[in-house]
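Protein chains in written order, with the numbering used here: chain A, 1 to 255; chain B, 1001 to 1177; chain C, 2001 to 2356.
We treat Cβ as the ideally placed atom computed from N, Cα and C, and that holds for glycine.
Everything on this sheet refers to the single structure shown next.
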C-alpha cells in the first residue's frame, strides 16, 4: 500500500472546511476559537447557506473572524453586534445572520444590545465564546471571570466585594420570551465537538425557521490568558469553568 | 394681507389646537401659514403659547416680537403679551382667567367670557372654538367656511359628527365678543 | 405639517428601507409618525424603536452595510450617544442619514431649540478624521426635501449625511409639498448599486467585508487619504447656500437654519428703513460656503453671525473672510430664541454706521 492508495475519498475522515480561506489565523495554539470557527464554516457549507449568510464579527479575539470564513461579514463596534445583526436580519429576512462574540463584547459592553436583541426574538444565532477573560487586550477581568481567578486587572484573584460575581449571562437570556434555544457547549474533546456541532446546527435551523433568537455559548479556554498549556487549560476548564457554567441546554423551545 | 397672532394660556385649554385649526383654515384659504408652538412640559398644564402667521406672501420668521392679535387666557399670558400687541392691534382675553384688566388704550381690547359660553353650550371642550369665533369677528382673516373645511380635513372621520357643535361654538363666540 | 412629521413622510416616499430610532424631545414625532403610518405594510420599510441611541445607530450601521437606505433621528444628547456609530459608518464608507433636531445643552440641557451642536456636526463629532455632509433646513419644506437629498448624497459619496435641524423647524407647522412616492429598490437593484455590500454572496466569487479596522498603518493611512479625497470632491461639488439682498448689501448677516428666517424678518424691517443689510444662509454647513463668504467679505463693511449658541459657525466665517472685515457674533443660548428686534439691535451696536 502506498500513499496514493490511502488518499481516496472513501478513506477521508476529516478535511479542511471548504469555506476556510487561506489566511493563517492569529489565534494562539490551543485556543477554542479555531474549533468553533471550523464548526461554523462546516455548517454554513453543509446547510447550503454560503450565498445568504452574513456574519457579524465582534471586537475582541474574534475581530478578524472575517478573514477566515469565506462569507459576507460586517465588523461591528465593541458590543454592538446584536444591533447590527438586528438590522441586517430585518432588512434581509432571507439572510442567515449570526453574531460571533466573546464574553467582554457580549456580556459587558454589549450586554444591553444582547439582551434586547434576544428579547425582541431576532431571528439570529448568537455564538458566544466564554473564556472568562479578555484575551485580545492582554488578559483582563471579564464579567464571566470566576471568583478567585487571577487576571491582569484582578491580580489578587477576583473578589466579590470588589468586582462582583461571575455573570451567567446565558441563564439570563434563557429567561427571555424572545429566545427559543439557549445552550452551553464546549469543544475540549472530540465528543464535545460533535455535540456542539449538533447544537449549533439546531440553532441555525431555528434562525432559518424564524423561531426567535438562539444562543450557543461555548465555554472555552484561553490558555495564553490563563497562563497554562493547552492541555492544562482544558483540564482547568473542566474542573472550574463547568462548575459555574455547566454544559447542556438551558432552554429548547420547539414551536 | 398678513396677520401675526399669538394665542397663550394654560396647557389643556386648547391653545395649540386652536392655533392649529386657524392655520389649517389659512391653508384652506390658499394662504401661507406657520404654526410655532412653545412645546414641551407645557403640554402637561404649564403655560403654553403658539404663534400663528397667515399671509398671502412667503413668511420669513416664525418667531415674532410683536403681534397684530393676541388671545390671552391667563394672567401670565396677559402680562407677557399685552405690551407686544402692535399699536392698533387687537387683544382678546378671558376675564375669568385674569385678575388685572388690560391697560393699553391704543389697541382694541375685547373681553370674551368663553367659560360662560361653554356652560351655555353644555360642552367645556368648545372653549377654544368660542374664542376662535370671537377672534374671527374682530379679525376676519379667514371665512368660517375655511375653518370648517380645515376641521374636516384634520379631524379623524369618527369625530366629524362634532363639526356642527364646533360651528355653533364659533357662532356663539362671534355673538358674545 | 410639522417639520418632524415631514421627515417621516419624506422617508417613506423616498423609498427608505429602514428607520431605527429612540424617543427624545423634540424629535419624537419622527418615530411616532413612522409607527403610525406603518410603512412595513405598504412599502416594506422597516421601522424599529431600539433600546438606546447607541443600538439605533449600530442598526443603521448594519443596514447601511447591507446596502440599504437607512436612517435614524435624535436630538442633541442622543446624537452624542450616536457618535461612536457615526465614526464607524464614516470609516467603513457607508451611506446613511442621521437627523439631529437640536435642543439646548450641554448635558441634559433643555428641550427648547438650539444650534449648539454645530461644532459636533461639522468638525467630526466622533473620533478620527472624518466629515459628515451636513444639511441645515430652515423650513418644513426643506426638512422634507433634505431627506432625499441627504440620502442621495450619502449614496453618491458613500459617506454619512446629517440633517442638522433645530427644535423650531422640527416643531413648527407649515404648508409643504411632499416628494412623490418612489418604490424601494429591489434586492437585485441593491446588489447592483452596492456591489460592496454584505448581502450574502449570492453567487459572488468573493466575500464582502464591511470593516473600519486596518492594523497595517500604511494601509490605514491610505484609507485616510482616500477619505480625504472624497471630502475634497464633496467640497468642490456640493456647497449649497442661499443669498438674500446681497446685491447692494453693505453689511452681511450669516445665519443658518430657522434662525436665518428670524434674521430675514429683521433684515426686511431694516430695509424698510433704508439699511442695506443682506444675508447669506449656508445650506450645507459642511462643506461650508467659504468662497461665497470670501467674495462677500470684499463687498461689505462688516459681518454679523447669528446663531443659537455661544459662537460656533463664526469660526468658519472668520476663516473664510480672512480678516478682511470685522466679524461679530450674536447668539442666544439654552433654548432662548432671539426676536427680530434683538438681531437688528445687535447689528447696529456693532455697526452703528449701518443705520440709514
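8 Å Cβ cutoff, residue i in contact with chain B
i, result
"residue 2339 of chain C", "yes"
"residue 2041 of chain C", "no"
"residue 2013 of chain C", "no"
"residue 2007 of chain C", "no"
"residue 2277 of chain C", "no"
Test: residue i CB closer than 8 Å to a CB of chain C
i, result
"residue 1032 of chain B", "yes"
"residue 18 of chain A", "no"
"residue 33 of chain A", "no"
"residue 1027 of chain B", "yes"
"residue 202 of chain A", "no"
"residue 239 of chain A", "no"
"residue 80 of chain A", "yes"
"residue 66 of chain A", "yes"
"residue 122 of chain A", "no"
"residue 113 of chain A", "yes"
Residues near residue i in its chain [Cβ-Cβ closer than 8 Å; skip 5 each side]
i, result
"residue 237 of chain A", "186, 188, 219, 220 and 221"
"residue 1163 of chain B", "1148, 1151, 1152 and 1155"
"residue 2009 of chain C", "2001, 2033, 2037, 2144 and 2178"
"residue 1142 of chain B", "1022, 1025, 1026, 1028, 1029, 1031, 1054 and 1136"
"residue 1138 of chain B", "1069, 1090, 1092, 1108, 1110 and 1177"
"residue 1082 of chain B", "1070, 1072, 1091, 1102, 1103 and 1104"
"residue 2321 of chain C", "2293, 2294, 2297, 2303 and 2327"
Contact list for residue i against chain A, beta-carbon separation under 8 Å
i, result
"residue 2059 of chain C", "83, 84, 86 and 87"
Proximal chain B residues relative to residue i, where beta-carbon distance stays under 7 Å
i, result
"residue 1984 of chain C", "Since the first residue shown for chain C is 2001 and the last is 2356, residue 1984 of chain C is missing from the structure and cannot be characterised."
"residue 2265 of chain C", "1060 and 1061"
"residue 2268 of chain C", "1060"
Cutoff 7 Å; reference residue i; Cβ partners in own chain excluding five residues on either side
i, result
"residue 38 of chain A", "17"
"residue 1043 of chain B", "With a pLDDT of only 47 at residue 1043 of chain B, under the threshold of 50, the placement of this residue in the model should not be trusted, and no figure is reported."
"residue 2148 of chain C", "2010, 2014 and 2179"
Nearest candidate by alpha-carbon position, reference residue i, set the options
i, options, result
"residue 119 of chain A", "A/211, A/198, A/217 and A/35", "A/211"
"residue 2035 of chain C", "C/2027, C/2048, C/2024 and C/2043", "C/2048"
"residue 2304 of chain C", "C/2147, C/2107, C/2253 and C/2199", "C/2253"
"residue 71 of chain A", "A/242, A/40, A/195 and A/252", "A/40"
"residue 2361 of chain C", "C/2084, C/2079 and C/2133", "The structure shown does not extend to residue 2361 of chain C, since chain C is modelled only from 2001 through 2356, so no value can be given for it."
"residue 1052 of chain B", "B/1021, B/1073, B/1076 and B/1078", "B/1021"
"residue 2228 of chain C", "C/2046, C/2069, C/2246 and C/2159", "C/2159"
"residue 112 of chain A", "A/80, A/4, A/9 and A/96", "A/80"
"residue 242 of chain A", "A/116, A/11 and A/217", "A/217"
"residue 2203 of chain C", "A/95, A/52 and A/15", "A/52"
"residue 1035 of chain B", "C/2338, C/2175, C/2302 and C/2232", "C/2175"
"residue 1114 of chain B", "B/1063, B/1158, B/1067 and B/1170", "B/1170"
"residue 64 of chain A", "A/25, A/36, A/44 and A/42", "A/25"
"residue 68 of chain A", "C/2207, C/2225, C/2219 and C/2237", "C/2207"
"residue 44 of chain A", "A/201, A/107 and A/229", "A/201"
"residue 183 of chain A", "A/152, A/129 and A/154", "A/129"
Partner residues on chain A for residue i, Cβ-Cβ distance less than 7 Å
i, result
"residue 2357 of chain C", "Nothing can be reported for residue 2357 of chain C: it is not among the residues displayed for chain C, which extend from 2001 to 2356."
"residue 2252 of chain C", "Under the 7 Å cutoff, chain A gives no residues; its nearest Cβ is about 43 Å from residue 2252 of chain C."
"residue 2207 of chain C", "70, 71, 72 and 73"
"residue 2084 of chain C", "77"
Interface partners of residue i on chain C, CB under 8 Å
i, result
"residue 10 of chain A", "Within 8 Å Cβ-Cβ: nothing; residue 10 of chain A doesn't reach chain C, min ~30 Å."
"residue 54 of chain A", "2066, 2198, 2199 and 2200"
"residue 50 of chain A", "2201"
Chain D contact residues for residue i, given Cβ-Cβ distances below 7 Å
i, result
"residue 74 of chain A", "No chain D is part of this structure, whose protein chains are labelled A, B and C."
Pair within 8 Å by beta-carbon distance, residue i and residue j
i, j, result
"residue 1182 of chain B", "residue 1071 of chain B", "Only positions 1001 to 1177 of chain B appear in the structure, and residue 1182 of chain B is not among them; the question remains open."
"residue 2165 of chain C", "residue 2334 of chain C", "no"
"residue 204 of chain A", "residue 47 of chain A", "yes"
"residue 2356 of chain C", "residue 2301 of chain C", "no"
Listed by chain order, chain C residues near residue i by CB distance under 7 Å
i, result
"residue 63 of chain A", "2213"
Chain-ordered neighbours of residue i on chain C, where CB pairs are closer than 9 Å
i, result
"residue 1023 of chain B", "2173, 2174 and 2175"
"residue 116 of chain A", "2050, 2051, 2052 and 2055"
Neighbourhood of residue i by C-beta, 6 Å cutoff - its chain only, sequence neighbours within 5 removed
i, result
"residue 276 of chain A", "Residue 276 of chain A falls outside the range modelled here, since chain A spans only 1 to 255, and no answer is possible."
"residue 1097 of chain B", "1073 and 1074"
"residue 114 of chain A", "82 and 106"
Neighbouring residues, chain B, relative to residue i (Cβ below 9 Å)
i, result
"residue 2168 of chain C", "1036, 1062 and 1063"
Cutoff 8 Å: residue i Cβ touching any chain A Cβ
i, result
"residue 2148 of chain C", "no"
"residue 2091 of chain C", "no"
"residue 2052 of chain C", "yes"
"residue 2203 of chain C", "yes"
"residue 2088 of chain C", "yes"
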